[in-house]
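Heads up: the sequence shown begins at 1 in the numbering used here, then just goes up one per residue. Glycine included, every Cβ here is placed at the ideal spot set by N, Cα and C. It should be emphasised that the depicted structure is a prediction, and the values quoted were computed from it without experimental measurement.
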Amino acid sequence: VTTSAAGTVAFVGTGLRRFGTLVLVKHEGGYITAYAHLDSLSVKEGDVLGEGTVIGQVGTTGRVDTPQLHFEIRKSRTPVNPRELIS
C-alpha cells in the first residue's frame with residue numbers, strides 16, 4: 001500500500017476495531033487519507049512521506065475475512081469522493 005499524496009503520518013494504531021490496523025496521513029489543504037486493514041507497517045507517527053511511499057501491506061485486520069484495503073479521503077472531517085480528485 002502506498003500513499004496517494006505527500007503528507008505526514010498523523011496516526012498509526014488499532015483504536016478503531018472495525019478498521020483494524022489504521023494509518024492516517026495529513027496532507028496540505030486540510031485533507032486526510034485513511035488506510036485500514038493493514039498487516040505489516042513501514043511507517044510511524046510523525047514520518048514525512050512523499051507521494052507513493054510504501055506504508056504497509058494489505059491485511060485482514062479489523063472486521064474483514066479476506067485481505068483488503070479500506071481507503072478514505074476526508075477534508076475537515078467530511079468524506080470526499082476520491083474520483084473528484086483524480087485527474
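Exercise. If we cut at 8 angstroms on Cβ distances, does Gly50 have a partner in chain C?
Worked result: The chain labelled as chain C is not found in the depicted structure, where only one protein chain is given.
Exposed or buried, which one is Gly52 when buried takes at least 16 other CB atoms within 10 Å?
As a first step, residue 52 must be located in the sequence shown, where it is residue number 52. Residue environment analysis places Gly52 among the exposed positions, since fewer than 16 neighbouring C-beta atoms fall within 10 angstroms of its C-beta.
Problem - Sub-8 angstroms separation of Ile55 and Val23 beta-carbons - result: Taking the first residue of the sequence shown as 1, we reach residue 55 at position 55. Taking the first residue of the sequence shown as 1, we reach residue 23 at position 23. Result yes, Cβ atoms of Ile55 and Val23 sit closer than 8 angstroms.
query: The beta strand (DSSP E) with Lys75 in it runs from where to where?
result: Residue 75 sits at position 75 when you count from the first residue of the sequence shown. Start and end: His70 to Lys75.
Judging by CA-CA distance, which residue of Leu38, Gly15 and Arg17 is the nearest neighbour of His70? Position 70 of the sequence shown holds residue 70. For the residues Leu38, Gly15 and Arg17, the minimum Cα distance to His70 belongs to Leu38.
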